[in-house]
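Novice:
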Amino acid sequence: MNRQQRMSLYDIQKRAYTEGIVEQINNQWIFFDEETEEAAMLEDYLQQEIEIFRMNRWKKGVLCESGKIRIGTDAIMLRDHDIVRIRKHLIYSLERLLDGINDDAFFQFITTLNSLNFSIFDCIYCYNHLSFLADQQRKDGVNFMVFDNQEQICNVQHHFFYFEKVNDRFEFTLNTGKRLIIEKMIL
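Here this note's numbering is used: the first residue of the sequence shown is 241, the next is one more, and so on.
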(Lines of atoms letter the chains of each structure in order from A and count residues from 1; the text may use other names and numbers.)
(Lines give C-alpha, C1' and ligand atoms only; values in the text may rest on other atoms or scores of the structure.)
Protein backbone atom coordinates (compact mmCIF):
# COMPACT_ATOMS: atom_id res chain seq x y z
CA MET A 1 0.00 0.00 0.00
CA ASN A 2 1.63 3.23 -1.08
CA ARG A 3 1.20 6.71 0.39
CA GLN A 4 -1.49 7.60 -2.17
CA GLN A 5 -3.57 4.53 -1.23
CA ARG A 6 -3.28 5.43 2.45
CA MET A 7 -4.35 9.00 1.69
CA SER A 8 -7.39 7.74 -0.20
CA LEU A 9 -8.48 6.01 3.04
CA TYR A 10 -8.08 9.37 4.81
CA ASP A 11 -10.27 11.02 2.16
CA ILE A 12 -13.24 8.73 2.74
CA GLN A 13 -13.24 9.18 6.52
CA LYS A 14 -16.35 10.66 8.11
CA ARG A 15 -15.88 14.04 9.77
CA ALA A 16 -12.66 14.71 7.80
CA TYR A 17 -13.85 18.26 7.03
CA THR A 18 -15.27 21.23 8.87
CA GLU A 19 -18.17 22.47 6.76
CA GLY A 20 -19.76 25.90 6.76
CA ILE A 21 -20.40 29.09 4.81
CA VAL A 22 -18.29 32.15 4.12
CA GLU A 23 -19.31 35.78 4.23
CA GLN A 24 -17.45 38.96 3.49
CA ILE A 25 -17.88 41.37 6.39
CA ASN A 26 -16.04 44.71 6.44
CA ASN A 27 -13.78 43.55 3.58
CA GLN A 28 -12.75 40.43 5.52
CA TRP A 29 -13.79 36.87 4.76
CA ILE A 30 -15.34 35.05 7.71
CA PHE A 31 -15.93 31.29 7.92
CA PHE A 32 -18.99 30.16 9.90
CA ASP A 33 -18.74 26.54 11.10
CA GLU A 34 -22.06 24.82 10.36
CA GLU A 35 -21.87 22.50 13.38
CA THR A 36 -20.67 24.84 16.12
CA GLU A 37 -21.83 28.13 14.54
CA GLU A 38 -18.48 29.62 15.51
CA ALA A 39 -16.90 32.26 13.32
CA ALA A 40 -13.26 32.35 12.25
CA MET A 41 -11.20 34.50 9.95
CA LEU A 42 -10.81 32.68 6.65
CA GLU A 43 -7.22 33.93 6.40
CA ASP A 44 -6.41 31.58 9.31
CA TYR A 45 -6.72 28.77 6.75
CA LEU A 46 -4.36 30.19 4.10
CA GLN A 47 -2.42 27.55 2.12
CA GLN A 48 -4.70 24.79 3.43
CA GLU A 49 -6.86 22.38 1.47
CA ILE A 50 -10.39 23.70 1.02
CA GLU A 51 -13.34 22.57 -1.04
CA ILE A 52 -16.09 24.75 -2.46
CA PHE A 53 -19.54 23.53 -3.45
CA ARG A 54 -20.27 24.82 -6.94
CA MET A 55 -22.52 23.43 -9.67
CA ASN A 56 -23.75 20.63 -7.38
CA ARG A 57 -20.31 19.18 -6.66
CA TRP A 58 -17.30 19.75 -4.46
CA LYS A 59 -14.23 21.31 -6.08
CA LYS A 60 -10.94 20.78 -4.23
CA GLY A 61 -8.30 23.47 -4.05
CA VAL A 62 -6.02 25.48 -1.81
CA LEU A 63 -6.92 28.77 -0.18
CA CYS A 64 -4.19 30.93 -1.70
CA GLU A 65 -5.44 34.25 -0.33
CA SER A 66 -8.47 35.29 1.61
CA GLY A 67 -11.34 35.06 -0.86
CA LYS A 68 -9.48 33.11 -3.57
CA ILE A 69 -9.15 29.35 -4.04
CA ARG A 70 -6.55 27.91 -6.42
CA ILE A 71 -7.82 24.81 -8.21
CA GLY A 72 -5.05 23.51 -10.43
CA THR A 73 -4.06 26.48 -12.62
CA ASP A 74 -7.44 28.21 -12.15
CA ALA A 75 -8.51 30.54 -9.38
CA ILE A 76 -12.06 30.81 -8.05
CA MET A 77 -13.23 33.88 -6.21
CA LEU A 78 -15.50 33.28 -3.22
CA ARG A 79 -18.98 34.77 -3.03
CA ASP A 80 -21.06 35.53 0.04
CA HIS A 81 -22.78 32.44 1.44
CA ASP A 82 -20.65 29.97 -0.55
CA ILE A 83 -20.61 26.56 1.08
CA VAL A 84 -17.07 25.41 1.81
CA ARG A 85 -15.39 22.67 3.76
CA ILE A 86 -11.93 22.78 5.22
CA ARG A 87 -9.82 19.66 5.72
CA LYS A 88 -9.23 18.85 9.39
CA HIS A 89 -5.77 17.98 10.61
CA LEU A 90 -4.98 14.77 12.44
CA ILE A 91 -3.44 14.91 15.89
CA TYR A 92 0.30 14.89 15.22
CA SER A 93 1.07 11.84 17.38
CA LEU A 94 -1.71 9.84 15.65
CA GLU A 95 -0.41 10.85 12.23
CA ARG A 96 3.11 9.69 13.17
CA LEU A 97 1.70 6.43 14.57
CA LEU A 98 -0.26 5.69 11.38
CA ASP A 99 2.86 6.42 9.32
CA GLY A 100 4.88 4.04 11.51
CA ILE A 101 2.75 0.90 11.29
CA ASN A 102 2.80 -1.56 8.41
CA ASP A 103 0.16 -1.55 5.69
CA ASP A 104 -1.86 -4.52 6.94
CA ALA A 105 -2.07 -3.17 10.49
CA PHE A 106 -2.93 0.29 9.14
CA PHE A 107 -5.75 -1.07 6.96
CA GLN A 108 -7.17 -3.32 9.69
CA PHE A 109 -7.07 -0.54 12.28
CA ILE A 110 -8.82 2.03 10.04
CA THR A 111 -11.50 -0.36 8.76
CA THR A 112 -12.27 -1.68 12.26
CA LEU A 113 -12.47 1.84 13.67
CA ASN A 114 -14.81 2.82 10.82
CA SER A 115 -16.98 -0.27 11.39
CA LEU A 116 -17.56 1.00 14.94
CA ASN A 117 -18.76 4.33 13.44
CA PHE A 118 -15.60 6.25 14.33
CA SER A 119 -13.22 8.18 12.12
CA ILE A 120 -9.52 8.84 12.61
CA PHE A 121 -10.57 12.50 12.71
CA ASP A 122 -12.55 11.78 15.90
CA CYS A 123 -9.28 11.31 17.80
CA ILE A 124 -9.11 13.55 20.87
CA TYR A 125 -6.00 11.99 22.44
CA CYS A 126 -3.11 9.86 21.23
CA TYR A 127 -0.03 8.71 23.11
CA ASN A 128 2.45 7.26 20.61
CA HIS A 129 5.06 5.29 22.56
CA LEU A 130 6.43 3.86 19.29
CA SER A 131 7.82 7.29 18.35
CA PHE A 132 10.14 7.17 21.38
CA LEU A 133 11.67 3.89 20.22
CA ALA A 134 12.79 4.99 16.74
CA ASP A 135 16.48 4.31 17.41
CA GLN A 136 15.97 0.88 18.98
CA GLN A 137 16.15 -2.41 17.11
CA ARG A 138 13.62 -4.14 19.38
CA LYS A 139 10.42 -2.16 19.80
CA ASP A 140 7.61 -3.16 22.10
CA GLY A 141 5.03 -1.32 24.14
CA VAL A 142 1.55 0.15 24.00
CA ASN A 143 0.04 3.21 22.32
CA PHE A 144 -3.17 4.76 23.64
CA MET A 145 -5.86 6.52 21.60
CA VAL A 146 -9.24 8.00 22.53
CA PHE A 147 -11.93 8.73 19.93
CA ASP A 148 -15.15 10.73 20.39
CA ASN A 149 -17.78 10.72 17.63
CA GLN A 150 -20.25 12.86 19.65
CA GLU A 151 -22.36 9.76 20.37
CA GLN A 152 -19.86 7.35 21.89
CA ILE A 153 -16.29 7.16 23.18
CA CYS A 154 -13.83 4.52 21.98
CA ASN A 155 -10.55 3.76 23.71
CA VAL A 156 -7.94 1.91 21.65
CA GLN A 157 -4.84 0.23 22.99
CA HIS A 158 -2.28 -0.68 20.35
CA HIS A 159 0.07 -3.36 21.68
CA PHE A 160 3.09 -3.76 19.42
CA PHE A 161 6.16 -5.94 19.26
CA TYR A 162 8.64 -5.39 16.42
CA PHE A 163 11.81 -7.45 16.49
CA GLU A 164 12.21 -10.85 14.82
CA LYS A 165 8.49 -10.82 14.06
CA VAL A 166 5.97 -8.02 13.73
CA ASN A 167 2.94 -8.18 16.00
CA ASP A 168 0.22 -5.52 16.15
CA ARG A 169 -2.75 -6.00 18.47
CA PHE A 170 -5.55 -3.44 18.70
CA GLU A 171 -8.03 -3.54 21.59
CA PHE A 172 -11.11 -1.38 21.03
CA THR A 173 -13.34 -0.62 24.04
CA LEU A 174 -16.49 1.48 23.71
CA ASN A 175 -18.17 3.32 26.56
CA THR A 176 -21.11 0.89 26.13
CA GLY A 177 -18.85 -1.98 27.22
CA LYS A 178 -18.52 -3.46 23.75
CA ARG A 179 -14.98 -4.76 23.13
CA LEU A 180 -13.22 -5.86 19.99
CA ILE A 181 -9.71 -7.21 19.54
CA ILE A 182 -7.82 -7.60 16.27
CA GLU A 183 -4.30 -8.92 15.89
CA LYS A 184 -1.91 -9.02 12.95
CA MET A 185 1.30 -11.03 13.03
CA ILE A 186 3.99 -11.14 10.36
CA LEU A 187 6.66 -13.79 10.90
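Glycine included, every Cβ here is placed at the ideal spot set by N, Cα and C. Since this is a predicted model, take the numbers as computed values, not measurements.
1. Output the residue ranges of the beta strand (DSSP E) runs that lie fully inside the region 287-354 and measure 3 residues or longer, sorted by chain position.
2. Three or more beta-carbon pairs under 8 Å between the region 282-301 and the region 332-343, yes or no?
3. Using C-beta distances below 8 Å, list every residue in its chain close to D320, excluding the 5 sequence neighbours before and after it, in chain order.
4. Can you grab the Cα-Cα spacing for the pair I323 / K424, in whole Å?
5. Less than 6 Å between C-beta atoms, sequence neighbours within five positions excluded: which residues of the same chain meet that for I426?
6. At what residues does the alpha helix (DSSP H) containing D251 begin and finish?
7. Can you tell me whether L373 is helix, strand or coil according to DSSP?
8. Whose C-alpha, out of Y402, V396, E404 and F401, is nearest the C-alpha of L420?
9. I'd like to know if the region 241-254 and the region 339-350 are in contact, where contact means that at least 3 CB-CB pairs between them fall below 8 Å.
10. Looking at the structure shown, is E404 part of a helix, part of a strand, or coil, going by DSSP?
11. Going along the chain, which residues of its own chain have a beta-carbon closer than 6 Å to the beta-carbon of F358, five neighbours each way excluded?
12. Determine the direct distance from the alpha carbon of N383 to that of Y365, and round the result to whole angstroms.
13. Which of the three DSSP states, helix, strand or coil, is assigned to L356?
14. Using a 10 Å radius around the Cβ and a threshold of 16 neighbouring Cβ atoms, would you call M385 buried or exposed?
15. For E283, which of helix, strand or coil comes out of DSSP?
16. Tell me which same chain residues have a C-beta within less than 6 Å of the C-beta of A279, skipping the five on either side of it?
17. Since I believe E291 is in contact with R243 (beta carbons under 8 Å), could you give me their beta-carbon distance rounded to a whole number of angstroms?
18. Are L286 and E259 touching if we call contact CB-CB under 8 Å?
Specialist: The structure says:
1. Within the region 287-354, the complete beta strand (DSSP E) runs of at least 3 residues are 289-294, 297-305, 308-311, 314-317 and 322-327.
2. Proximity of the region 282-301 to the region 332-343 falls short of the contact definition, fewer than three beta-carbon pairs being nearer than 8 Å.
3. If we look at D320 and ignore the five residues flanking it on each side, its Cβ neighbours are V262, E263 and Q264.
4. Note on geometry: alpha-carbon atoms of I323 and K424 lie some 42 Å from one another.
5. Contacts found: V406.
6. Per DSSP, D251 is one residue of the alpha helix (DSSP H) stretching across R243 to D251.
7. Per DSSP, reduced to three states, the secondary structure at L373 is helical.
8. The shortest Cα separation from L420 among Y402, V396, E404 and F401 belongs to V396.
9. The region 241-254, when compared against the region 339-350, does touch it at the 8 Å Cβ threshold.
10. DSSP places E404 in coil when its eight states are reduced to three.
11. Around F358: F387, N389 and C394.
12. Looking at the backbone, the Cα of Y365 and that of N383 are separated by about 11 Å.
13. DSSP places L356 in coil when its eight states are reduced to three.
14. The residue in question, M385, is buried, as its Cβ has 16 or more Cβ neighbours within 10 Å.
15. Here DSSP, grouped into helix, strand and coil, assigns E283 to helix.
16. Only I270 and F272 meet the Cβ criterion.
17. No, R243 and E291 are not in contact; Cβ-Cβ is about 21 Å, not under 8 Å.
18. In this structure, the beta-carbon distance from L286 to E259 does not fall below 8 Å.
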